[in-house]
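Please read the structure below before turning to the comments.
Residue numbers (UniProt numbering): 1 to 141.
See the structure below:
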């Protein structure tokens with residue numbers, strides 16, 4: 001790697017995002033990977049989707065070999081000006097659900113059935129008590 005490497009703005013690096021001209025950013029360094037597209041073990045699409053962003057996480061997730069990392073040095077063209085990198089999107093976790101105790105949760109179907117069946121059950125008890133009360137009143141008269 002040259003000691004007097006260029007510092008490139010992110011906007012400049014992002015312009016190189018197609019098969020004939022492909023640059024990626026990994027660990028703050030810019031690499032022209034156009035010559036590697038056809039021979040890359042993951043295919044050219046992997047490298048093309050790594051353009052226009054900091055591809056460090058994508059690169060690390062794959063777990064490249066030491067020889068692949070060494071090979072990258074011959075494609076090094078400069079460093080990216082970190083001040084020009086776009087702000088990373090902050091992914092907030094989804095709001096917590098009220099699943100404190102899953103054993104006591106009811107499905108919407110059960111709730112709907114209870115809303116329908118419970119009033120019918122209460123009505124049936126009321127008719128049964130009325131019928132029982134009339135029978136008892138008739139037997140005492």
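Each residue gets a CB set at the ideal place from its N, CA and C atoms; glycine is no exception. For clarity, every value in this text was computed on a predicted model and none was experimentally measured.
From the DSSP output, read off the bridge partner residues of residue i.
| i | result |
| --- | --- |
| residue 122 | Bridge partners of residue 122: none, in fact. |
| residue 140 | Per DSSP, none; premise fails for residue 140. |
| residue 83 | Answer is none; residue 83 lacks a bridge partner. |
| residue 8 | 80 |
| residue 32 | 23 |
| residue 18 | 21 |
| residue 54 | 25 |
Quick test of your reading: residue i and residue j, contact by CB under 8 Å. State the CB separation rounded to the nearest angstrom.
| i | j | result |
| --- | --- | --- |
| residue 78 | residue 6 | 3 Å |
| residue 49 | residue 22 | Actually they are not in contact, since the Cβ atoms of residue 49 and residue 22 sit about 11 Å apart, beyond 8 Å. |
| residue 47 | residue 33 | 5 Å |
Could you pull out every residue in the same chain whose Cβ sits closer than 7 Å to the Cβ of residue i, ignoring the five residues on either side in sequence?
| i | result |
| --- | --- |
| residue 44 | 19, 37, 38 |
| residue 27 | 56 |
| residue 40 | 46, 47 |
Beta-carbon within less than 6 Å of residue i's beta-carbon, same chain only, minus the 5 sequence neighbours each way: which residues are those?
| i | result |
| --- | --- |
| residue 8 | 30, 78, 80 |
| residue 14 | 52 |
| residue 17 | 51, 52 |
Enumerate in chain order the residues of its own chain whose CB-to-CB distance from residue i is below 8 Å, with the five nearest sequence positions on each side excluded.
| i | result |
| --- | --- |
| residue 10 | 25, 80, 81, 84, 85, 86 |
| residue 42 | 62 |
How should residue i be labelled, buried or exposed, when 16 other C-beta atoms within 10 angstroms of its C-beta is the threshold for buried?
| i | result |
| --- | --- |
| residue 117 | exposed |
| residue 54 | buried |
| residue 131 | exposed |
| residue 109 | exposed |
| residue 127 | exposed |
| residue 71 | exposed |
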